[in-house]
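Asks: Numbered as in the UniProt record's numbering, the sequence shown ends at 607 without a single skipped number.
Here it is, the structure, as structure tokens.
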Amino acid sequence: MWNSSGNIFARTNQYGVHEDEEALWVAALQRSPTYVRARTSIFRNLSGEFSLVDVGKLEVQKQKAVLDKLISVINENPELFFNRVRQRFDAPCFLQTYFNVVVPELKTFLPRVVYDIPPGGVIPISVMGNKVSGPFLYSCGQSGNVITEDLRVDAYIHVGSRALPTIPNFICNMSEAFWRQFRIFPSRRKKLSVLNNISGIIRPSRLTLLLGPPSSGKTTLLLALAGRLGPGLQVDTMLHISSMQMSGRITYNGHDFKEFVPQRTSAYVSQKDWHMAEMTVRETLTFSGRCQGVGFKQDMLLELLRREKNAGINPDEDLDIFVKAVALGEQTSLLVEYIMKMLGLDICADTLVGDEMLKGISGGQKKRLTTAELLMGAYRVIFMDEISTGLDSSTTHQIVNYLRHTTHALDGTTVISLLQPDPETYELFDDIILISEGQILYQGPRDAALIFFASMGFRCPDRKNVADFLQEVTSEKDQQQYWFLDSHYQYVPVAKFVEAFRSFWVGNYLSQELAVPFDTRYNHPAALSTSAYGVKRAELLKISFSWQMLLLKRNSFVFVFKFMQVMFSSALSSSQAKCLALSMDIATRLSGRRGHSTEHQTIFMKL
């Protein structure tokens, strides 16, 4: 028994020595330069052993251990995990902004504060009875605030038989376009309004749902907001591009498209899935992550480490490894495994993507792969167009729930267009944008949408899905069934809904916000991307070369077979040519001999 007690005391002393050693290593790491701390992190295995690791050279087993810990936490409580991420970014930002403003006791009090800030909220903070003047900008200014003012898109199209895709119509259209450049031949195209004077604000830290019936202008609106409606498009000027005319203004944090690169700042997920069929899911995501680069993540990490050092904050160990690996971009595989786990692509990670000619993953998995490719990049604003096509309701709910947590935790700006979301998915959104006939009927909080339509005389039945109600209430065929007033029903057109929304309290508040210009002083330099590429061109060339070598190696049998086929055909053709030349030479010689003998016979006859 005494020996057992002695072992206990010895083990306690040993643990105390280890704790002192760990404290010394942590203190030495905190005193290191920022660049060294960005590459070094603390790793603790399952047995609790402590070690310092280079994040850029993390072993596969340690990567798996870190990922398993994070995934287990996310599966248990995803909101708690993203709150941990948010608290790490909030604490040093708060200290950096208010360290010299609040009472001296703030330095010892703040590390114990548990923040509970509503998404998108800007609130005053009261600490120990002392109120801090001014808003708490917990996002540090790196979020994207998208504002549209009087956005209008008009398309010029042919009607009737001229709209048919025939060869005579193509020749006529090309001829008209040529003579129209000299203003000789007038245009016979009709004007079609796609978007009509759209104004609104898409706020950061808010998950926004874009609803509308088919052909209402949802895709055109998302393309215009993402800066992808046409090549070289400038939204604040009048341009004729692809038979379209645009007017209005779109700004990100008060900056026009001329001042930054919208294609690098925002991501657009289209309805179509474009993938390389010969690559696996893991290879596709790895290639996407290498091409897009880390963007602002590395600068954000260095700034975060500098502020944490000044504030004396020790971050979460497992979360610290993951954040540094993602921000440095040297451990792309860790981010790839994480995203595949979140989107349910881990079961087909090593399966070829495939296409119509090559068997591969399913259509729903391709849709999730398209979303995963965009999540590999460092985008502040994300626009998604009909991502639920081909997906079941459970998978759609899982993807939207993940995007909701990332949007709230990282102050992102996300707009998702869905056709018929189920009630559980609809409840995940914060804001609603309802569009019909190219006009916005409602834009604001999700809970206030039913109140607005109730003020117009339309009520959603208890058995009815709210998303379906919002899309059917503007239809002339389905509108009457939702009328609940005692007065006589009369069809309410879209223009009347738009006019009523301006006088509604949500629309009135929106108009007041649009009247005040965005103060660009609150815009962080890292919020908008000014470079056209995420990595250097030499690195892109290297990535493309390795990608082609991968495809060449994977299809080596085809290339070798084709090479042998070409060599055999060349040898056969050359042998045939040689035989033909030889036969022609023999024929020439024979014809020469015959000519010589004929000449002798002629001379003999003359004699």
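We put the CB at the ideal spot given by N, CA and C, even for glycine.
What you are looking at is a predicted structure, and each value in this text was computed from that prediction instead of being measured.
Near Tyr442, which residues of its chain fall below 7 Å by C-beta distance, leaving aside the five closest residues on each side in sequence?
Replies: If you number the sequence shown from 1, residue 442 lands on position 442. Here the set comprises Ile432, Leu434, Ala449, Phe452, Phe501.
Asks: Taking only runs that begin and end inside the segment 446-503, name each unbroken alpha helix (DSSP H) of 4 or more residues, in chain order.
Replies: Here the runs fully enclosed are 449-455, 466-472, 494-503.
Asks: Check His255 in the structure and name its three-state DSSP category.
Replies: For this step, residue 255 is matched to residue 255 along the sequence shown. The answer is strand: DSSP assigns His255 an E or B state.
Asks: Do three or more CB pairs link the segment 365-383 to the segment 175-182 at distances below 8 Å?
Replies: Judged by Cβ distances under 8 Å, the segment 365-383 makes no contact with the segment 175-182, as fewer than three pairs qualify.
Asks: Given that a residue counts as buried once 16 or more other Cβ atoms are within 10 Å of its Cβ, and exposed if not, what is Lys359?
Replies: What you label residue 359 is simply residue 359 of the sequence shown in a count that begins at 1. When all chains shown are included, Lys359 counts as exposed.
Asks: Is there contact here, the segment 552-565 with the segment 304-321, by at least three beta-carbon pairs under 8 Å?
Replies: No, they do not touch.
Asks: Mapping DSSP to helix, strand and coil, what is residue 617?
Replies: The structure shown does not extend to residue 617, since the chain spans only 1 to 607, so no value can be given for it.
Asks: For Asn314, which of helix, strand or coil comes out of DSSP?
Replies: Taking the first residue of the sequence shown as 1, we reach residue 314 at position 314. Asn314: coil per DSSP, three-state reduction.
Asks: Any contact between the segment 271-286 and the segment 240-260? By contact I mean 3 or more CB pairs, one from each, below 8 Å.
Replies: Result no; under three Cβ-Cβ pairs closer than 8 Å.
Asks: Confirm, please, whether the CB-CB distance from Val153 to Thr220 is below 7 Å.
Replies: The sequence position of residue 220 within the sequence shown is 220, counting from 1. The sequence position of residue 153 within the sequence shown is 153, counting from 1. Yes, these two residues count as a Cβ contact at 7 Å.
Asks: Whose C-alpha, out of Glu386, Met276, Gly390, Leu335, is nearest the C-alpha of Gly354?
Replies: The residue given as residue 354 occupies position 354 in the sequence shown. Looking at the Cα atoms, Met276 is the closest of the given residues.
Asks: Return the residue from the list Ile71, Asn197, Cys348, Ser487 that minimises the CA-CA distance to Ile440.
Replies: Indexing the sequence shown from 1 puts residue 440 at position 440. It is Asn197 whose Cα lies nearest to the Cα of Ile440.
Asks: Beta strand (DSSP E) containing Thr413: first to last residue?
Replies: Translated into positions along the sequence shown, residue 413 becomes position 413. From DSSP, the beta strand (DSSP E) with Thr413 extends over 413-417.
Asks: Using DSSP with H/G/I as helix, E/B as strand and the rest coil, what is Tyr426?
Replies: Start at 1 with the first residue of the sequence shown, and residue 426 comes out as number 426. Here Tyr426 sits in helix by DSSP.
Asks: When DSSP labels each residue in this structure, what does Gly293 get in the three-state scheme?
Replies: As a first step, residue 293 must be located in the sequence shown, where it is residue number 293. If DSSP states are grouped into helix, strand and coil, Gly293 belongs with coil.
Asks: Hey, out of Glu427, Ala28, Phe43, Lys62, whose CA is closest to Ser333's CA?
Replies: Residue 333 sits at position 333 when you count from the first residue of the sequence shown. Answer by Cα proximity: Lys62.
Asks: With a threshold of 6 Å on Cβ separation, who are the neighbours of Ile123 within its own chain once the five nearest residues in sequence on each side are excluded?
Replies: Position 123 of the sequence shown, counted from the start, is the residue given in the question as residue 123. With a pLDDT of 28 at Ile123, under the threshold of 50, the modelled position of this residue cannot be trusted, and the question is left open.
Asks: Less than 7 Å between the beta carbons of Glu513 and Ile157, yes or no?
Replies: Position 513 of the sequence shown holds residue 513. Position 157 of the sequence shown holds residue 157. For Glu513 and Ile157, no; Cβs fall outside 7 Å.
Asks: Out of curiosity, what's the CA-to-CA distance linking Gly364 and Asp519?
Replies: As a position in the sequence shown, residue 364 is number 364, starting the count at 1. As a position in the sequence shown, residue 519 is number 519, starting the count at 1. Each residue's alpha carbon lies about 42 Å from the other.
Asks: Report back the beta-carbon spacing between Leu151 and Leu195 to the nearest angstrom; my notes put them in contact at under 8 Å.
Replies: Walking along the sequence shown from the start, residue 151 turns up at place 151. Walking along the sequence shown from the start, residue 195 turns up at place 195. Going by Cβ atoms, the distance from Leu151 to Leu195 rounds to 6 Å, so yes, they are a contact pair.
Asks: Taking Ser216 and Glu437 to be in contact with their CB atoms under 8 Å, please state how far apart those CB atoms are, rounded to whole angstroms.
Replies: The residue given as residue 216 occupies position 216 in the sequence shown. The residue given as residue 437 occupies position 437 in the sequence shown. The Cβ separation is near 6 Å, so the contact holds.
Asks: Could you give the distance in angstroms between the alpha-carbon of Val516 and the alpha-carbon of Tyr509?
Replies: Position 516 of the sequence shown, counting from 1, holds the residue named residue 516. Position 509 of the sequence shown, counting from 1, holds the residue named residue 509. About 11 Å.
Asks: Please classify Leu582: is it buried, with 16 or more other beta-carbons within 10 angstroms of its beta-carbon, or exposed?
Replies: The residue you call residue 582 lines up with position 582 of the sequence shown. Leu582 should be labelled exposed.
Asks: Starting from Tyr533, follow the beta strand (DSSP E) in both directions and report where the run begins and ends.
Replies: Indexing the sequence shown from 1 puts residue 533 at position 533. Unbroken run through Tyr533: none, as it is neither H nor E.
Asks: Which residues share a DSSP beta bridge with Ser583?
Replies: Your numbering for residue 583 matches position 583 in the sequence shown. BP columns for Ser583 are empty, so no partner.
Asks: Within a Cβ cutoff of 6 Å, which residues of the same chain sit near Ala226, ignoring the five residues on either side of it in sequence?
Replies: As a first step, residue 226 must be located in the sequence shown, where it is residue number 226. If we look at Ala226 and ignore the five residues flanking it on each side, its Cβ neighbours are Ser266, Tyr268, Phe383.
Asks: Cutting at 6 Å between CB atoms, please list the residues of its own chain near Asn100, excluding the five before and the five after it.
Replies: For the purposes of this step, residue 100 is taken as residue 100 along the sequence shown, with counting starting at 1. Residue confidence for Asn100 is low, a pLDDT of 37 falling below 50, so the modelled location carries little weight and cannot support an answer.
Asks: Can you check DSSP and say which residues form a bridge with Val153?
Replies: Mapped onto the sequence shown, residue 153 falls at position 153. Its beta-bridge partners are Leu195, Met246.
Asks: Tell me which same chain residues have a C-beta within less than 8 Å of the C-beta of Gly534, skipping the five on either side of it?
Replies: Walking along the sequence shown from the start, residue 534 turns up at place 534. Result list for Gly534: Arg264, Cys291, Gln292, Gly293, Val294, Gly295, Gly377, Ala378, in chain order.
Asks: Taking the alpha carbon of Ser417 as the reference point, which residue from Glu424, Thr389, His488 has its own alpha carbon closest?
Replies: Translated into the one-based positions of the sequence shown, residue 417 becomes position 417. When only C-alpha atoms are compared, the closest one is Thr389.
Asks: Would you kindly check if the distance between the Cβ of Asn465 and the Cβ of Pro493 is under 7 Å?
Replies: If you number the sequence shown from 1, residue 493 lands on position 493. If you number the sequence shown from 1, residue 465 lands on position 465. No, they are not a contact pair.
Asks: Examine the Cβ distances between the segment 391-403 and the segment 163-173 and report whether three or more of them are shorter than 8 Å.
Replies: The segment 391-403 vs the segment 163-173: no contact.
Asks: Please classify Ser187: does DSSP put it in a helix, a strand, or coil?
Replies: Numbered from its first residue, the sequence shown carries residue 187 at position 187. The answer is coil: DSSP assigns Ser187 none of H, G, I, E or B.
Asks: Give every residue of the same chain whose Cβ lies closer than 6 Å to the Cβ of Lys366, excluding the five residues on either side of it in the sequence, and list them in chain order.
Replies: Residue mapping note: residue 366 aligns to position 366 of the sequence shown, counting from 1. Excluding sequence neighbours, Lys366 sits near Asp273.
Asks: Does DSSP put Phe287 in a helix, in a strand, or in coil?
Replies: Sequence index remark: in the sequence shown, residue 287 carries index 287 (1-based). DSSP places Phe287 in helix when its eight states are reduced to three.
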